[in-house]
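Encoded as structure tokens, the structure appears first; notes follow it.
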Amino acid sequence: AISFDKVEVKFTLDEENEPTGVFFKTSKEANKLIEEFMLLANRSVAEFVGKPDKNGNRKTFVYRIHDEPDDSKLAALQNVVSKFGYKLNFKDRKSTTRSLNNLLSEVVGKKEQNLVDTLTIRSMSKAEYSTHNIGHYGLAFDYYTHFTSPIRRYPDVMAHRLLQHYLDGGKSVNENLYEEKCEHSSSMEYLATQAERDSIKYMQIKFMQDHKDQEFHGVISGVTDWGIYVEIISNKCEGMVRLRDISDDHYVFDESQFAIIGKNTKNMYQLGDEVIVKVKEADLVKKHLDFTLLGKVETN
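Using the numbering used here, the first residue of the sequence shown is number 607, and each one after it goes up by one.
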């Protein structure tokens with residue numbers, strides 16, 4: 607299995623529900639123990655219902671499926687992390703899993719951790735719900751479902767009802783009907799994820815509005831032909847430095863080096879570089895957070 611441990615951003619709020627601080631939710635040993643029990647329950651139920659009988663017949667069930675990552679996405683990941691000195695091996699499925707786990711382990715505690723964690727997650731296929739079981743790549747399970755969780759999702763309820771139906775001796779239910787329910791659940795999950803991201807971005811911008819005079823250390827988390835994205839190390843707020851706002855030179859985008867380079871000075875700002883920024887604009891309506899670039903953090 608691939609061990610993702612993404613940093614979860616949380617906010618401390620005052621009596622008016624205004625953000626006063628940012629902290630990171632970490633998974634403790636007790637959390638991980640409970641998670642293992644949940645994974646076991648989810649896997650056991652999926653195996654119990656999903657495995658074919660002696661005649662090869664399968665009952666319709668709701669699975670949580672996760673396909674193998676696309677080769678082009680893995681190649682793109684390799685291209686980026688190599689800039690930080692990491693090497694990946696995608697020779698076969700086993701090598702890929704081991705290599706990704708080693709990468710996620712090696713970046714722990716380093717300035718590029720959140721960036722590499724995010725890029726690795728983005729290189730994966732999207733997990734979804736389906737009656738057509740292909741297994742779960744990320745967990746390395748042949749059978750998996752969402753049967754129990756801290757929140758009760760509709761797919762969990764479908765799994766509960768189907769399990770009880772089959773325990774009571776019921777026949778296999780209509781596959782097409784449940785596939786429609788799975789597709790709907792997957793699409794609603796996507797919308798919920800987007801809403802959660804938007805709410806976090808909203809609170810981050812709101813928080814940064816009160817810190818416009820403060821200087822922040824950040825890591826360049828993305829490079830485009832119109833600017834660089836910078837993620838602040840202390841609070842994970844991400845904003846943009848637009849090329850037109852960098853006054854010391856005219857910078858151009860160099861895609862091959864994931865960098866912007868000054869035409870005259872040859873100054874380079876590259877993916878993963880540590881920089882110092884200040885808030886230029888924090889627009890809640892447009893959901894834009896723009897930074898002013900103050901310079902690069904020089905490392906010995």
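Where is the CB? At the ideal position from N, CA and C, for every residue including glycine. Being a predicted model, the structure only gives us computed values, none of them experimental.
- Apart from the 5 residues on each side of it in sequence, Leu745 sits with its Cβ closer than 6 Å to the Cβ of Ala607 in its chain, given in chain order.
- The criterion of a C-beta distance shorter than 8 Å is not satisfied by Ile852 and Phe859.
- For Gly691, no beta strand (DSSP E) segment is defined, and its DSSP state is neither H nor E.
- Beta-bridge partners assigned by DSSP to Thr702: none are found.
- Spatial neighbours of Tyr784 in its own chain (CB-CB distance under 6 Å, excluding positions within 5 residues in sequence) are listed in chain order as Thr666 and Thr737.
- As computed with DSSP, Thr726 is found in no beta bridge at all.
- Between the alpha carbons of Tyr835 and Glu844 lies a gap of roughly 7 Å.
- Just measuring C-alpha positions, the residue of Tyr857, Gln876, Ser862 and Tyr875 sitting nearest Gly868 is Tyr857.
- Between the C-alpha atoms of Ile671 and Leu683 there is a straight-line separation of about 22 Å.
- In the structure shown, His790 falls within a helical segment according to DSSP collapsed to helix, strand and coil.
- The Cβ atoms of Glu837 and Asn685 do not sit closer than 8 Å to each other.
- Relative to the Cα of Glu880, the nearest Cα in the group Leu899, Lys886, Ser701 and His823 belongs to His823.
- Around the beta-carbon of Leu639, fewer than 16 other beta-carbon atoms lie within 10 Å, marking it exposed.
- In the DSSP assignment, Tyr772 falls within the unbroken alpha helix (DSSP H) covering Tyr760 to Leu773.
- The continuous beta strand (DSSP E) containing Phe822 extends over residues Glu821 to Val829.
- Beta-carbon to beta-carbon, Val885 and Met814 are separated by about 5 Å, close enough to satisfy the 8 Å threshold.
- Under the three-state reduction of DSSP, Phe696 is assigned to coil, being neither helix nor strand.
- Rounded to the nearest whole angstrom, the CA to CA distance from Glu718 to Ser705 is 17 Å.
- Comparing alpha-carbon positions, the option among Leu895, Asp620, Tyr735 and Ile806 lying closest to Lys818 turns out to be Leu895.
- Cβ contact annotation for Phe696 (same chain, cutoff 6 Å, sequence separation greater than five): Leu680 and Thr702, in chain order.
- The beta-carbon distance between Thr618 and Phe629, rounded to whole angstroms, is 7 Å. This is short enough to meet the 8 Å contact definition.
- DSSP places Tyr749 in the coil class of the three-state scheme, outside both helix and strand.
- For Met874, the CB contacts under 7 Å within the same chain, skipping 5 residues up- and downstream, are Ala865 and Ile867 in chain order.
- In this chain, Ala652 is not harboured by any beta strand (DSSP E); it is covered by the alpha helix (DSSP H) spanning Glu635 to Gly656.
- Beta-carbon to beta-carbon, Phe753 and Asn637 are separated by about 19 Å, too far to satisfy the 8 Å threshold.
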